[in-house]
């Protein structure tokens, strides 16, 4: 089966409720087995501690007692220089992707936004509170994400590259939910303030770069589960290179997804059977 237009409808509906869903899913996660990636249907009302009839239930959420890593609005004012080797590698991968898109999926090619300015990238760094790794800066200097979802370019199978605005706004959403949950176990398991969202699927999940140690390790987050590094290459650049190879050869990539071109000449990814 293919995701096609059906995915766009699902994305649109899911986006309306995702923030509320994030708050609920994270709050009720306390005490769950950390090995679980998905949850059964939640109870009608969140679980609360037991209290005697003589003591009223608390009216405020618990607060974190560990450092969430969230420093929104406190990022470095200046960007670190991007090594020339990083720029060359990122641009070489983009050259391959764009060449294929222009020849086979021009509708998707048109969704790639122009480069971001250095000033806008620096602003996103300040807003997230996290130093941007060199490869992310190189990505944004090539394309400031994509326009919308739907037929826009997606790393397989449905991760649409985030713009500078989306990086900043998604980081704020994730930190707000993390800190409001009050659950220490969520820090680093569900999200961490030193994670940088770099691609979104429109349903509350996406890809991030882990800047806890400044390495920019690529991972993915699941808003109803935990973050994971198990099924991704080490860097965003490697994923783009794998995507370029899949486009040029017909796949497979990321567990078996193969590129296909829709009737309106847009890129789609065929689900493995």
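Numbering (UniProt numbering), first residue to last: 1 to 273.
Glycine included, C-beta positions come from ideal geometry on N, C-alpha and C.
Remember, it's a predicted structure, so these values are computed and weren't measured experimentally.
| Asked | Found |
| --- | --- |
| CA nearest to the CA of residue 224, picked from 203, 234, 210 | 203 |
| Nearest to residue 151 (by Cα), restricted to the options 128, 120, 193, 106 | 106 |
| Nonlocal neighbours in the same chain, by C-beta distance under 6 angstroms from residue 69, ignoring five residues either side | 192, 193, 194 |
| Three-way DSSP call (helix, strand, coil) for residue 236 in this model | helix |
| Backbone CA spacing between residue 110 and residue 85 [nearest angstrom] | 27 angstroms |
| Residue 176 to residue 103 span [Cα, whole Å] | 42 angstroms |
| Collapsed DSSP secondary structure at residue 110 in the structure displayed | coil |
| Chain-order list of residues whose beta-carbon lies under 6 angstroms from that of residue 253 (same chain, five-residue window excluded) | 156, 242, 246 |
| Beta-carbon contacts of residue 93 that lie in its chain and below 7 angstroms, excluding the five residues immediately before and after | 237, 240, 241, 244 |
| Whole alpha helix (DSSP H) elements within the UniProt domain "Knr4/Smi1-like" (115-242), 4-residue minimum | 118-128, 134-142, 164-181 |
| Assigned secondary structure, residue 267 (DSSP; H/G/I helix, E/B strand, else coil) | strand |
| From 219, 172, 250, residue whose alpha carbon lies closest to that of residue 259 | 250 |
| Residue 101 beta carbon less than 7 angstroms from that of residue 172 | no |
| Cα-Cα separation, residue 97 to residue 213 | 30 angstroms |
| Cβ distance (whole Å) where residue 219 is taken to contact residue 226 below 8 angstroms | Not a contact, Cβ separation roughly 10 angstroms. |
| Residues that residue 259 bridges to, as DSSP identifies them | 269 |
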